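Visitor:
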Amino acid sequence: MDNGALVRLIDLHKVYRTGEMEVPAVRGVSLEIKRGEFVALMGASGSGKSTLMNILGCLDRPTTGHYVLDGADVSGLDRDRLADIRNRKIGFVFQNFNLLPRTSARENVELPLVYSAQQLTNAELRERADRVLASVGLAGREDHHPSQLSGGQQQRVAIARALINEPEVLLADEPTGNLDSRTSVEIMAIFQQLNERGITVIMVTHEPDIAAYAKRNVMMRDGVILDDHVVSRRLDARAQLQNGGGRPSLPAVRGPGAPDGESRSNQTLT
Amino acid sequence: MRIGPTFNVALRALRRNKLRSVLTALGIIIGVGAVIAMVGIGNGAKAQVEAQIASLGQNVILIFSGSTTSSGIRTGWGGAGTLKIEDAEAIRREVPGVIGVSEEVVSTTQVAAGNQNWFTRIYGESADYFDIRQWPFADGAPFTSQDVRSANKVCVIGRTTATQIYGNENPIGQILRIKEVPFTITGVLMPKGLSTQGVDQDDIVIMPYTSAMKRVIGGTTLRNINVQIGDPQQLEAAQQQIISLLRQRHNIRPGRDDDFTVRNQQEIAQAATATSRVMTLLLGAIAGVSLVVGGIGIMNIMLVSVTERTREIGVRMAVGAHGSDILTQFLIEAVTLSSVGGLIGIVCGIGASKILSAYANWPTLISISSIAIAFLFSAAVGIFFGFYPARKAAALDPIEALRYE
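Chains as they are written, first to last, in my numbering: chain A, 1 to 270; chain B, 271 to 675.
1. Helix, strand or coil: how does DSSP classify residue 274 (chain B) here?
2. Among B:331, B:280, B:620, B:607, which one has its Cα closest to the Cα of residue 533 (chain B)?
3. Is residue 459 (chain B) closer than 8 angstroms to residue 407 (chain B) when the C-beta atoms are compared?
4. Please confirm if residue 67 (chain A) has its CB atom under 8 angstroms from at least one CB of chain B.
5. Could you tell me which residues DSSP pairs with residue 21 (chain A) in its beta bridges?
6. Provide the residue span of the beta strand (DSSP E) that contains residue 84 (chain A), from first to last.
7. By Cβ distance, which residues of its chain are closer than 6 angstroms to residue 41 (chain A), with the 5 residues on each side in sequence left out?
8. What whole-angstrom Cβ distance do residue 418 (chain B) and residue 480 (chain B) have, given they're in contact under 8 angstroms?
9. Output needed for residue 239 (chain A): all residues of its chain with C-beta closer than 7 angstroms, excluding positions within five of it in sequence on either side, in chain order.
10. Using a Cβ-Cβ cutoff of 7 angstroms, what residues of the segment 109-133 of chain A are near chain B? List them in chain order.
11. Identify the contact partners of residue 78 (chain A) in chain B, using a Cβ-Cβ distance below 8 angstroms as the criterion.
12. Is the shortest distance between the beta-carbon of residue 94 (chain A) and the beta-carbons of chain B less than 8 angstroms?
13. At a threshold of 7 angstroms, does residue 71 (chain A) count as lining the ligand FAD (C-beta to nearest heavy atom)?
14. When you compare the CB of residue 660 (chain B) with every CB in chain A, is at least one pair closer than 8 angstroms?
15. Is there a Cβ from chain A that is less than 8 angstroms from the Cβ of residue 578 (chain B)?
16. Give the secondary structure of residue 471 (chain B) by DSSP, where H, G and I count as helix, E and B as strand, and everything else as coil.
17. Buried or exposed: where does residue 107 (chain A) fall if 16 or more other Cβ atoms within 10 Å of its Cβ makes it buried?
18. Against chain A, does residue 319 (chain B) count as a neighbour if the rule is that its beta carbon must be under 8 angstroms from one of theirs?
19. Quick one: residues in its chain with C-beta nearer than 8 angstroms to the C-beta of residue 747 (chain B), no 5 flanking neighbours on either side, listed in chain order?
20. Along the chain, where does the alpha helix (DSSP H) containing residue 99 (chain A) start, and where does it finish?
21. Within its chain, find whatever has a CB closer than 6 angstroms to the CB of residue 372 (chain B); leave out the 5 residues flanking it on each side and keep chain order.
22. Can you check DSSP and say which residues form a bridge with residue 393 (chain B)?
23. Look up residue 645 (chain B) in the DSSP assignment and say whether it is helix, strand or coil.
24. Taking C-beta pairs closer than 8 angstroms, name the residues in chain A that residue 286 (chain B) reaches, listed in chain order.
25. Residue 307 (chain B) by DSSP, collapsed to three states: which one?
26. Give the interface partners of residue 587 (chain B) over in chain A, defined as CB-CB distance under 7 angstroms, in chain order.
27. On a Cα-Cα basis, can you pick out the residue from A:57, A:39, A:23 that is closest to residue 210 (chain A)?
28. Residue 592 (chain B) and residue 80 (chain A) - do their beta-carbons sit closer together than 8 angstroms?
29. Pick from B:552, B:590, B:604, B:551: whose alpha carbon is nearest that of residue 576 (chain B)?
30. Based on Cα-Cα distance, which residue from B:523, B:320, B:482, B:434 lies nearest to residue 378 (chain B)?
31. Alpha carbon to alpha carbon, how far is residue 93 (chain A) from residue 177 (chain A)? Give it in angstroms, no decimals.
32. Is residue 101 (chain A) buried or exposed, if buried means 16 or more other CB atoms sit within 10 Å of its CB?
33. Within the continuous alpha helix (DSSP H) that includes residue 605 (chain B), where are the two ends?
34. On a CA-only basis, which of A:213, A:243, A:59 is nearest residue 234 (chain A)? Give me that one, please.
35. Under the rule that 16 or more other beta-carbon atoms within 10 Å means buried, what is residue 535 (chain B), buried or exposed?
36. Please classify residue 241 (chain A): does DSSP put it in a helix, a strand, or coil?
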């Protein structure tokens, strides 16, 4: 479908109005991202990458231009339709994790299912949440509250939450911004493994060494794409972790990865 | 749409903030409790007044000497001494439908027996009085028409007087000295309790009005005449006939005011119940104010909660919550607070009125309708005061909400 492009941006503009002033944030971006890609969106603050990310995440609508996600133009949809798209097709990972406080990891992960069209029983919800939590290495922590988890563990809960509805694309906004370097590598290892299994990952970062874990880097400046290239010397997070220290490698992000995107849709994340 | 899961989400949010939820609900608990208790007190008072009015007798017309009209010198009811014994006899003779007439004179004096004495009210009445007021005897018998005609020295006494003077002794046949005149007690009345004015109706000595006028009180005029009509349909007509009869007998020219006042049972009952209805409304309204204050408390806390949970709302929207889901969630939280508070308030209100009944001796009457209204009103308070914060939450922009610090 649509020559394999999962995301297609066609001459996208976004202008913010503050009183009389019109501030252009994105000024004509065209971009195509295929299934199975791992894209790092880079740029300094004010480059328009966050605005672009919000539009990609269907949290915001472009002023002009088109955004085709999975073959459907979503640029003109209303709030509720966008919410449904976010629920079905997009998983979010945020810099500050954005977990619900005083709420167990399991309930945090269940959250998107609460708003999904499919009606699951409590037991099914729980079973699915526990399975996804186990897949990011958090088996046994299902009842922990965010305050009882480390930053890396919290981010893994957030990743599990993003994955529970089996989205088409995982959007990560500075996912390592609040983490130390080793934990950052651990999160990158999860992303790389998810990507190997066919999940499309789009990640905003301003750190070049984090962007080096992606397959493709898109550089923005002043609302336009400055540079778009395939990463030639890609870093392998898992290999780094195994060489780097005596610590055990990630326990659960293993299993038979499906290298192509086709078999992913009906495959569970175990 | 997704009410079930949203309901769970709302309840979980309330459980996460137990103390705050309880304190917020407390406003409604107190409000609903106050409404239930206050309306219970008001209704209880009303029921008591109605019972007392009924105890005055059925289809009774009261004629007082003196007038309450605004011209000339006003003497107050029973004050001017314009009613004569002959007036009562004329009513008995000429007004159709009359089944009982009692001439009434009233005084207060010291009564004594043996070494006991007691200050009490003396009522002079005809033998019809006990039928008119539907006042049965606990012991003994009423005085007779013959006693009235002969102005015999007999009397009946109320329960309070009996207890004060005779203690546990049987007063029947005993001699009671009233103004140094010895009266023989023929009967003791059943207790009637307090009147609407709070007077102990059982603190009384009742004797033939002839005896009272001749031997105790003196004077030749009556304070009032009690008339009982057999058929309630005839009450109005009888009242008109009494007025014209008395005007004629008193030689009052057309256009001049009556020198007497006629009231019937219904009018008195209406006035008394209107008073207690106003009291019920007033009490309910005051209690209702506290319910509204409780509602504002809910709104306040919900607004704080929406601000505090802006990020949570952002996350929920990011993972697919519609505005309506957020609206429903916060509305359910508010309505749960108010209706659970309402239920607890109903229990507290019933408890409070039971305690008031038991310890303060206030009659209370809890009606199903006041419970239902209080509960529905508390739920409505939740919807009304929860709607604005909920709508505010639902209208949040997910991007702004996610970025909120």
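All C-beta atoms, glycine included, are put in the ideal place defined by N, C-alpha and C.
Remember, predicted model here, so these are calculated numbers, not experimental data.
Guide: In short:
1. helix
2. B:331
3. yes
4. no
5. A:18
6. First-last for residue 84 (chain A): 79-89, but that is the alpha helix (DSSP H), not the beta strand (DSSP E).
7. 49, 204, 218
8. 5 angstroms
9. none
10. 111, 112, 114, 115, 116
11. In chain order: nothing, as chain B lies at least about 10 angstroms away.
12. yes
13. The ligand FAD is not part of this structure, which contains no ligands at all.
14. no
15. no
16. coil
17. buried
18. no
19. Since the first and last residues shown for chain B are 271 and 675, residue 747 (chain B) lies out of range.
20. Where residue 99 (chain A) is concerned, there is no enclosing alpha helix (DSSP H), given that its DSSP letter is neither H nor E.
21. 395, 396, 398, 399, 402, 496
22. B:376, B:476
23. helix
24. 102, 103
25. helix
26. 83
27. A:39
28. yes
29. B:604
30. B:482
31. 11 angstroms
32. exposed
33. 593-625
34. A:213
35. buried
36. helix
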